[in-house]
Amino acid sequence: MTRSNDDVAHVLTEFADLLAIVANDPFKPRAYEKAARAVGGFPDELRDLDDAGIRAIPNVGKSIAEKVRSVLDTGTFPELEELRGQVPSGVRAMTAIPGFGPKKAMVVYRELGIDGLEELVAAARDGRLRGLKGFSAKTEENVLQAVQRAQRDTGRVTIDIAMGVAEALLERLRAIPDVRRADLAGSLRRMAETVGDVDLLVASGSPAPIMDAFTGYEDVEQILARGETKSSVVTRSGLQVDLRVIPNEAWGAAMIYFTGSKAHNVRIREMAVRKGLKLNEYGLFEVETDALIAAETERDVYERLGLPFIEPTLREDRGEIEAALAGELPRVVTLEQMRGDLHTHTDLTDGVATLEQMLAAATGKRYAYYAVTDHAPNLAMQRMTNQKMVAQRAKLRTLQDRYPRMTLLHGTELNIDPDGGVDWPASFLKGFDLTVASIHSHFTQSRQAMTRRMIRAMENPHVNVIGHPTTRKIGRRDPVDLDLDAVFEAAARTGTALEIDAYPDRLDLPDEHVRRARRYGVRFSIDTDAHAVGHLDAMRYGIGVAQRGWLTKDDVIDAWPLTKLRRFLRKGP
Numbered sequence: 185m186t187r188s189n190d191d192v193a194h195v196l197t198e199f200a201d202l203l204a205i206v207a208n209d210p211f212k213p214r215a216y217e218k219a220a221r222a223v224g225g226f227p228d229e230l231r232d233l234d235d236a237g238i239r240a241i242p243n244v245g246k247s248i249a250e251k252v253r254s255v256l257d258t259g260t261f262p263e264l265e266e267l268r269g270q271v272p273s274g275v276r277a278m279t280a281i282p283g284f285g286p287k288k289a290m291v292v293y294r295e296l297g298i299d300g301l302e303e304l305v306a307a308a309r310d311g312r313l314r315g316l317k318g319f320s321a322k323t324e325e326n327v328l329q330a331v332q333r334a335q336r337d338t339g340r341v342t343i344d345i346a347m348g349v350a351e352a353l354l355e356r357l358r359a360i361p362d363v364r365r366a367d368l369a370g371s372l373r374r375m376a377e378t379v380g381d382v383d384l385l386v387a388s389g390s391p392a393p394i395m396d397a398f399t400g401y402e403d404v405e406q407i408l409a410r411g412e413t414k415s416s417v418v419t420r421s422g423l424q425v426d427l428r429v430i431p432n433e434a435w436g437a438a439m440i441y442f443t444g445s446k447a448h449n450v451r452i453r454e455m456a457v458r459k460g461l462k463l464n465e466y467g468l469f470e471v472e473t474d475a476l477i478a479a480e481t482e483r484d485v486y487e488r489l490g491l492p493f494i495e496p497t498l499r500e501d502r503g504e505i506e507a508a509l510a511g512e513l514p515r516v517v518t519l520e521q522m523r524g525d526l527h528t529h530t531d532l533t534d535g536v537a538t539l540e541q542m543l544a545a546a547t548g549k550r551y552a553y554y555a556v557t558d559h560a561p562n563l564a565m566q567r568m569t570n571q572k573m574v575a576q577r578a579k580l581r582t583l584q585d586r587y588p589r590m591t592l593l594h595g596t597e598l599n600i601d602p603d604g605g606v607d608w609p610a611s612f613l614k615g616f617d618l619t620v621a622s623i624h625s626h627f628t629q630s631r632q633a634m635t636r637r638m639i640r641a642m643e644n645p646h647v648n649v650i651g652h653p654t655t656r657k658i659g660r661r662d663p664v665d666l667d668l669d670a671v672f673e674a675a676a677r678t679g680t681a682l683e684i685d686a687y688p689d690r691l692d693l694p695d696e697h698v699r700r701a702r703r704y705g706v707r708f709s710i711d712t713d714a715h716a717v718g719h720l721d722a723m724r725y726g727i728g729v730a731q732r733g734w735l736t737k738d739d740v741i742d743a744w745p746l747t748k749l750r751r752f753l754r755k756g757p
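This is the structure in structure tokens:
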């Protein structure tokens with residue numbers, strides 16, 4: 185069952201989008217965007233709160249609280265229905281195109297009568313957009329590229345959405361008496377950044393009650409197929425979920441087979457053939473006698489093939505077989521090894537939880553240290569000042585006594601200007617325990633300019649971490665154009681860590697770049713970029729990226745003891 189928080193956040197976001205299209209006041213849509221983030225990140229189940237509890241959520245005042253209650257009771261509210269009637273659905277779809285905001289959508293609707301993506305693409309191809317005020321040939325090119333990307337990604341969801349659906353189902357399945365084991369398989373188990381469908385495996389000798397429970401799950405919208413040992417459904421989120429029930433004694437072989445990847449499985453099946461064996465979802469068998477060699481655990485199957493256990497996140501046929509044979513598989517970093525989070529926000533800027541709320545939540549992670557890194561002033565919408573930042577630092581120092589087992593670090597997220605400069609002079613920057621520097625604007629610079637910009641920021645002795653280095657947002661914004669090899673070389677040379685932003689729609693650096701950067705000797709920081717209490721749980725997605733990039737705890741600065749971290753942050757010889 186999906187959280188009511190997510191449903192309400194989705195509705196508030198839709199209302200904010202519609203307001204942005206029809207309203208002249210930019211602050212009203214922003215208020216609903218902040219409320220949506222606050223509701224989505226609120227740790228308690230919304231449907232369990234009374235009206236006072238709803239109003240206690242940050243950024244949810246009386247008017248918004250009334251709308252939240254209406255959504256919980258009816259699924260909508262009158263003002264939303266009114267705006268839905270004013271704005272064609274196709275116009276709203278156009279606003280999802282990066283760089284093609286509400287104003288442009290309304291211009292093409294009013295001037296050209298375009299109210300859908302197909303018509304917009306046709307107009308861009310015909311060169312009809314560039315005649316409108318504020319439009320150019322580059323606008324048309326961006327539209328065509330964005331729509332092509334959206335079509336390519338159709339049917340895929342970010343990892344957090346898939347994980348939420350999968351874990352809710354697994355909780356239900358594990359409660360069935362005849363279930364011996366139940367777990368993830370497929371690309372979700374391999375922690376791929378997007379997922380097309382979810383694969384679940386259950387070990388049991390009684391599949392019928394399991395199929396009853398699975399197909400009767402209240403979030404199931406459509407049953408695609410139901411068999412004795414396999415069923416497929418589509419959930420309310422639009423995600424397809426496939427369930428297979430297998431004998432307990434074949435668990436290991438089935439987990440390998442259905443975890444994949446296909447390329448990895450082809451390689452190990454070829455190894456089996458060379459040994460006179462055959463490998464399938466039921467086990468590893470001798471070809472001549474059909475005798476079972478191994479099946480119950482993954483480790484058993486791998487060992488009988490002459491391999492050590494290979495972590496699911498490494499099973500992509502990217503050299504893991506060769507590394508395993510040579511005894512050179514990395515001991516990848518784990519969630520349990522993380523000692524801190526070095527990039528988080530509060531409601532002093534664009535977060536939706538107070539400093540105290542974020543610190544209290546962080547203690548539950550048993551971190552040894554925790555950094556607060558609110559936005560610096562050059563991101564104008566955050567309205568940061570020197571005085572506010574110094575006051576926050578003083579407050580953090582006074583709060584330290586409440587957290588004797590967790591060192592509180594005061595940092596900031598700097599903005600990398602188009603020329604590579606950052607917000608404050610060295611005299612102010614040296615007061616921070618650490619800084620994260622990120623690109624938040626001017627995403628379309630040339631490769632040469634963007635690379636120079638990034639390297640100059642890393643050469644600043646007060647910049648410790650480059651936040652979400654490619655700036656990509658999965659399915660919404662392409663990465664900036666960088667000479668990555670030059671960036672990685674500079675990061676290693678200057679002692680600047682590159683971030684793996686664990687926020688599910690970023691996961692930046694992507695895993696393929698992480699592995700490439702590691703070869704240069706780059707260090708990494710796995711951070712949540714949390715703007716709400718619930719966002720702190722996203723660390724596991726960053727760990728997934730790090731594992732897919734072959735990182736060990738020695739590569740990750742926030743898996744280090746505090747003394748070693750502080751030496752790194754001094755960024756000097």
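Residue 185 is where the sequence shown starts when you use my numbering, and the numbers rise one by one after that. Beta carbons: idealized from backbone N, C-alpha and C, even for Gly. In this text, all values refer to a predicted model and were calculated from it rather than measured experimentally.
Asked                                                                                                                                                            : Found
Check whether the stretch 666-679 touches the stretch 611-624, taking contact to mean three or more Cβ pairs, one atom from each stretch, closer than 8 Å.       : no
From which residue to which residue does the alpha helix (DSSP H) around Arg365 run?                                                                             : Counting along the chain, Arg365 falls outside any alpha helix (DSSP H), though it belongs to the beta strand (DSSP E) covering Arg365 to Ala369.
Under 7 Å, do Glu480 and Trp435 count as touching if we go by C-beta distance?                                                                                   : yes
From the DSSP output, which residues share a beta bridge with Glu597?                                                                                            : His559 and Val620
What is the DSSP secondary structure of Gly300, counted as helix, strand or coil?                                                                                : coil
Pairing CB atoms from the stretch 382-395 with CB atoms from the stretch 426-442, are three or more of them under 8 Å?                                           : yes
Give me the Cα-Cα distance between Pro561 and Gln424, rounded to the nearest whole angstrom.                                                                     : 44 Å
Per the DSSP calculation, Ile430 is bridged to which residue(s)?                                                                                                 : Ala387
Quick check on DSSP: helix, strand or coil for Asn189?                                                                                                           : helix
I need the DSSP call for Phe226, collapsed to helix, strand or coil.                                                                                             : coil
Tell me which residues share the same chain as Val292 and place their Cβ nearer than 6 Å to its Cβ, disregarding the 5 neighbours each side in the sequence.     : Ile298
Taking Gly285 as the reference, give the member of Asn644, Phe708, Gly318 and Pro588 with the closest Cα.                                                        : Gly318
I need the straight-line Cα distance from Lys459 to Ile477, nearest angstrom please.                                                                             : 12 Å
Should Asn189 go down as buried or exposed, given a rule of 16 or more other Cβ atoms within 10 Å for buried?                                                    : buried
Tell me, to the nearest whole angstrom, how far the beta carbon of Ile623 is from that of Val664; I am working on the premise that it is less than 8 Å.          : 7 Å
Whose C-alpha, out of Ala321, Glu265 and Ile281, is nearest the C-alpha of Gln302?                                                                               : In the sequence as presented, Gln is not what sits at residue 302; that position holds Glu. The option with the nearest alpha carbon to Glu302 is Ile281.
Can you have a look at Ser709 and say buried or exposed, based on whether 16 or more other CB atoms are within 10 angstroms of its CB?                           : buried
Please name the residue in Gln270, Lys414 and Asp742 whose C-alpha comes closest to that of Arg707.                                                              : Asp742
Here's a check: name, in chain order, each residue in its chain whose Cβ is nearer than 6 Å to the Cβ of Arg751, leaving out the five neighbours to either side. : none
Would the stretch 694-706 count as touching the stretch 719-733 if we require 3 or more Cβ pairs under 8 Å?                                                      : yes
Could you tell me the alpha carbon to alpha carbon distance between Ala701 and Val740, rounded to whole angstroms?                                               : 12 Å
Hey, would you say Ala716 sits closer than 7 Å to Gly225, going by beta carbons?                                                                                 : yes
So, His646 versus Leu613, is the Cβ gap smaller than 7 Å?                                                                                                        : yes
Less than 8 Å between the CB atoms is what I'm expecting for Ala641 and Ile600, so what's the real figure, rounded?                                              : 5 Å
When we look at the beta-carbon of Ser388 and count the other beta-carbons within 10 Å, is it buried (16 or more) or exposed?                                    : buried
Please say whether Ala392 and Leu372 have beta carbons closer to each other than 7 Å?                                                                            : no
Which stretch, first to last residue, makes up the beta strand (DSSP E) that contains Pro682?                                                                    : The question names Pro, but residue 682 in the sequence shown is Leu. Per DSSP, Leu682 belongs to the beta strand (DSSP E) from Ala681 to Asp685.
What does Val671 pair with, by DSSP beta-bridge criteria?                                                                                                        : In DSSP, Val671 forms no bridge with anything.
Quick check on this structure: which residue in Val363, Ala437 and Ala215 has the alpha carbon closest to the alpha carbon of Gly535?                            : Ala215
For a minimum of 4 consecutive residues, which ranges assigned as the alpha helix (DSSP H) are wholly contained in the stretch 426-470?                          : 435-443 and 446-458
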